[in-house]
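For reference, the structure is listed below as structure tokens.
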Amino acid sequence: MLDLRRLDILVRFAAHHSITATAEDLGYSPSAISQQLATLEREAGVALLERTAHSAVLTDAGRELAEHAVAILDAVETARGSVRARAGSVSGRVTVSCIPGLAVRIAPELAALQERHPELVVIARETGSVGAATDILGRACDIAVIDDWNRSPASTSGLTSIRLHHEHVVLAVPAGHPATRLPEPVSAVALRRTVEPATWLSAPAGHLSRNAGDQRLTAVAATPARRWEFEGLHVMAALVGTGAGIAFLPESIATAEAGVVGLRITPRMDRHLVGLTRRNTSHNPAIAACLTAIRNALAPPDTSE
Numbered sequence: 001m002l003d004l005r006r007l008d009i010l011v012r013f014a015a016h017h018s019i020t021a022t023a024e025d026l027g028y029s030p031s032a033i034s035q036q037l038a039t040l041e042r043e044a045g046v047a048l049l050e051r052t053a054h055s056a057v058l059t060d061a062g063r064e065l066a067e068h069a070v071a072i073l074d075a076v077e078t079a080r081g082s083v084r085a086r087a088g089s090v091s092g093r094v095t096v097s098c099i100p101g102l103a104v105r106i107a108p109e110l111a112a113l114q115e116r117h118p119e120l121v122v123i124a125r126e127t128g129s130v131g132a133a134t135d136i137l138g139r140a141c142d143i144a145v146i147d148d149w150n151r152s153p154a155s156t157s158g159l160t161s162i163r164l165h166h167e168h169v170v171l172a173v174p175a176g177h178p179a180t181r182l183p184e185p186v187s188a189v190a191l192r193r194t195v196e197p198a199t200w201l202s203a204p205a206g207h208l209s210r211n212a213g214d215q216r217l218t219a220v221a222a223t224p225a226r227r228w229e230f231e232g233l234h235v236m237a238a239l240v241g242t243g244a245g246i247a248f249l250p251e252s253i254a255t256a257e258a259g260v261v262g263l264r265i266t267p268r269m270d271r272h273l274v275g276l277t278r279r280n281t282s283h284n285p286a287i288a289a290c291l292t293a294i295r296n297a298l299a300p301p302d303t304s305e
């Protein structure tokens, strides 16, 4: 009989290609992961890994078993979710990953959810938007909360994408900047004239926000005089507030920073906050409860009073 827990370890190893990375993912020591995989080999009666002094790779049999293991674990996960849905039980372990800037907003709602449901264990960790789909499909996490700067958030086979929130992306400038006198929304011509003499703040190449920003600058034929690169939208907002430069930022981040003015632009840019889950977990009450808590955390504040 093949142990489900060890099959899960094999699937994660197939995704990470490293015993050390698999151990970090699961919170175990590398030696423990190696022992579990060795036990799985004995259960299977065939070599699953080729080991050297410093690395290990899957054999053909290991790759084939990992592919079957995905289907087995999917079936078990679907069955578990259906049974819990029938019982209405918010229980079990749910691993939630989110991009760094959202952690402070999401964590209190998830903590409160755990208090209401003592049999629920929520594990929270940081992720990046680019590798989130792979993490979900590889079972490194159950829910990923990411941002998407495309006009229509992308979909991936095997995943369910839930749009949690969206907002304008604005041109963030220091208070008192000449651009604050421009009519809104800022036109393409005015945007180009504002950007070209400026220090432009953006994420490093490869980040979704950087890609979207570069596409817009190209569309308006704007080349900044200088470009500074930093990780983190909140870091860039703080830098704009000091007068160091200007940037494209989500409206909520720009307006929350002292000394920053957010100017809407045309055509409009949007940032979507998206929740990703495996399609076969959609009926699991614990997953649904976590998604509801996350949606509540990301909802804009009520300003009706």
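In this text, residue positions in the sequence shown follow the UniProt record's numbering: the first is 1, and each later residue adds one.
Cβ atoms here follow ideal geometry from the backbone N, Cα and C, with glycine treated the same way.
Separation of L263 from E115, as counted between CA atoms
Approximately 41 Å, taken between the alpha carbons.
Within a Cβ cutoff of 6 Å, which residues of the same chain sit near R295, ignoring the five residues on either side of it in sequence?
Here the set comprises L164.
Those runs of the beta strand (DSSP E) which lie wholly inside the segment 148-209 and span at least 3 residues:
Taken in chain order, the unbroken stretches of beta strand (DSSP E) that lie wholly in the segment 148-209 and span 3 residues or more are 159-174 and 199-202.
Inter-residue Cα distance where the pair is A299 and R210:
The straight-line gap separating the alpha-carbon atoms of A299 and R210 is approximately 25 Å.
Reduced DSSP secondary structure (H/G/I, E/B, other) of M1
Residue state, collapsed to three classes: coil.
Quick check: the Cα distance between H117 and T292, rounded to an integer number of angstroms?
C-alpha separation (whole angstroms): 14 Å.
Three-state secondary structure assigned by DSSP to P118
In this structure, DSSP gives P118 a state outside helix and strand, which the three-state scheme calls coil.
Spell out the partners DSSP gives M236 in its beta bridges.
DSSP output for M236 lists no bridge partner at all.
Spatially closest choice to V189 from V145, T266, A140 and G176, by CA coordinates:
Ranked by how close their Cα comes to the Cα of V189, the residues V145, T266, A140 and G176 have T266 in first place.
For residue 308, is the classification buried or exposed, using 16 other Cβ atoms within 10 angstroms of its Cβ as the cut-off for buried?
In the structure as shown, the chain begins at 1 and stops at 305. Residue 308 is therefore absent and cannot be evaluated.
Leaving out the 5 sequence neighbours to the left and right, which residues in its chain are closer than 8 Å to A221 when beta-carbon positions are compared?
Answer for A221: R192, listed in chain order.
In this structure, how does DSSP classify T303 when only helix, strand and coil are distinguished?
The predicted position of T303 is uncertain, since its pLDDT is 41 and thus under 50; no value can be drawn from it.
Is it buried or exposed for E41, if we count other Cβ within 10 angstroms and need 16 for buried?
Label assigned to E41: buried.
Which of helix, strand or coil does DSSP assign to I99?
Note: I99 maps to coil in three-state DSSP.
Could you please give the first and the last residue of the uninterrupted beta strand (DSSP E) stretch that includes E50?
Element bounds for E50: L49 to R51.
G275 in three-state terms, based on DSSP:
In the structure shown, G275 sits in a strand (DSSP, three-state: E or B).
Alpha carbon of R212 to alpha carbon of L120, nearest angstrom
The sequence given here has Ala at residue 212, not Arg. Rounded to the nearest angstrom, the two C-alpha atoms are 38 Å apart.
Report back the beta-carbon spacing between H278 and G158 to the nearest angstrom; my notes put them in contact at under 8 Å.
The question names His, but residue 278 is Arg in the sequence shown. About 7 Å separates the two Cβ atoms, so the contact holds.
Secondary structure of R6, DSSP reduced to three states
In the structure shown, the three-state DSSP call for R6 is helix.
Would you mind reading off the limits of the alpha helix (DSSP H) that contains residue 388?
The structure shown has nothing for residue 388, since the chain only spans 1 to 305.
Where do the ends of the beta strand (DSSP E) carrying P285 lie?
No beta strand (DSSP E) contains P285, which is instead part of the alpha helix (DSSP H) from P285 to L298.
From G45, S55 and V46, pick the residue whose C-alpha is nearest to that of S34; which is it?
Looking at the Cα atoms, S55 is the closest of the given residues.
Which same chain residues, not among the five before or five after T22, have their C-beta less than 7 Å away from its C-beta?
In the same chain as T22, and ignoring 5 residues on each side of it, the C-beta atoms closer than 7 Å to its own belong to I9, R12, F13, H16 and I33, in chain order.
Sequence-distant residues of its chain with Cβ nearer than 8 Å to E305 (five each side left out):
Caution applies to E305, whose pLDDT of 40 falls short of 50 and renders its modelled position unreliable; the model cannot decide the point.
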